[in-house]
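Asks:
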Amino acid sequence: MSKKEMILDQLAVCRNEDSWIKPLSAALKGLRIEEVIWKPNEASNSISEITSHLLFYNRRWLKRFKGEPVGDSPELNASTFRAIEALTETVWQNHVAELDANLLEWQKAIRGTTEEELHNSIPEFPAEAVWWEALSNLCTHNTYHIGQIIYIRKALGNWEIAADWE
18 MSKKEMILDQ LAVCRNEDSW IKPLSAALKG LRIEEVIWKP NEASNSISEI TSHLLFYNRR
78 WLKRFKGEPV GDSPELNAST FRAIEALTET VWQNHVAELD ANLLEWQKAI RGTTEEELHN
138 SIPEFPAEAV WWEALSNLCT HNTYHIGQII YIRKALGNWE IAADWE
């Protein structure tokens, strides 16, 4: 499997393809507003804050990948876990659609690149890194937060557990 195929597989699993983990589309399906803003305690993040964080970093890295300016880095990572202002069902659905559109755009961008380009160093990045490694880490980051979302749903009693793995 090439690095390009691997990244495309990881992006599909993050976005909407069932695998060993549930994709973001499944993790966000059927949530009510009160569940989206719920926190088990003040030290934790809500689902809406987690999705804001995911959108921030996936947008930022996509811009970097396309050679567009990314702007200044946030002083604190915690500042990327922002609550969504004036959250309504429509605002939430638009936010979810925006996150899905970003992940779809990632899939298109990777399909449009070459294997060789994925082995290039990331320009203007503070550490030595090549694209395929950074993108694999981005997908791992996404799945980590998908797991958090599912954990919150389980704590709320709003997650259907499969009967078995078969």
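Using the working numbering, the letters of the sequence shown map in sequence onto residues 18 to 183.
Ideal placement from N, C-alpha and C gives every residue a C-beta, glycine not left out.
1) Determine the burial state of ASN75: buried for a count of at least 16 other Cβ atoms within 10 Å of its Cβ, exposed for fewer.
2) Starting from THR160, trace the alpha helix (DSSP H) both ways and give me its first and last residue.
3) With VAL53 as the anchor, note down where its alpha helix (DSSP H) starts and where it stops.
4) Could you spell out where the alpha helix (DSSP H) holding TRP37 opens and where it closes?
5) Pick from GLN27, LYS46, ILE24 and GLU22: whose alpha carbon is nearest that of VAL113?
6) Assess contact between the segment 33-52 and the segment 135-151, defined as three or more Cβ pairs (one per stretch) separated by less than 8 Å. Is contact present?
7) Would you call the segment 118-127 and the segment 87-97 in contact, with 3 or more CB pairs under 8 Å?
8) Could you give the C-beta distance for ILE101 and SER69, rounded to a whole number, given that I count them as a contact under 8 Å?
9) Go through the segment 103-129 residue by residue and report every complete run of the alpha helix (DSSP H) that reaches 4 residues or more, in order.
10) Using the three-state DSSP reduction, which class does SER138 fall into: helix, strand or coil?
11) CA-CA distance, LYS80 and GLU134?
12) In or out: ASN62 buried (at least 16 other Cβ within 10 Å) or exposed?
Replies: So, to answer that:
1) In the sequence shown, residue 75 corresponds to position 58, counting from 1. By the neighbour-count criterion, in which a residue is buried when 16 or more other Cβ atoms sit within 10 angstroms of its Cβ, ASN75 is buried.
2) Mapped onto the sequence shown, residue 160 falls at position 143. Under the DSSP assignment, THR160 falls in the alpha helix (DSSP H) whose first and last residues are 148-172.
3) The count along the sequence shown starts at 1 and reaches residue 53 at position 36. Residue range 50-53 is occupied by the alpha helix (DSSP H) that includes VAL53.
4) Mapped onto the sequence shown, residue 37 falls at position 20. DSSP places TRP37 outside any alpha helix (DSSP H), giving it a letter other than H or E.
5) Residue mapping note: residue 113 aligns to position 96 of the sequence shown, counting from 1. Distances from the alpha-carbon of VAL113 to those of GLN27, LYS46, ILE24 and GLU22 put LYS46 closest.
6) The count of Cβ pairs closer than 8 Å, one atom from the segment 33-52 and one from the segment 135-151, stays below three, leaving the stretches out of contact.
7) Segments in contact, no.
8) Here residue 101 corresponds to residue number 84 of the sequence shown, with the count starting at 1. Here residue 69 corresponds to residue number 52 of the sequence shown, with the count starting at 1. Contact check for ILE101 and SER69: beta-carbon distance about 6 Å, within the 8 Å limit, so the pair qualifies.
9) Secondary structure remark: continuous alpha helix (DSSP H) runs of at least 4 residues inside the segment 103-129, in chain order: 106-128.
10) On the sequence shown, residue 138 is found 121 positions in, with the first residue counted as 1. It is a strand residue.
11) To locate residue 80, count along the sequence shown from 1; it is residue 63. To locate residue 134, count along the sequence shown from 1; it is residue 117. Their Cα atoms are separated by approximately 16 Å.
12) Working through the sequence shown from its first residue, we reach residue 62 at position 45. By the neighbour-count definition (other C-beta atoms within 10 Å, threshold 16), ASN62 is a buried residue.
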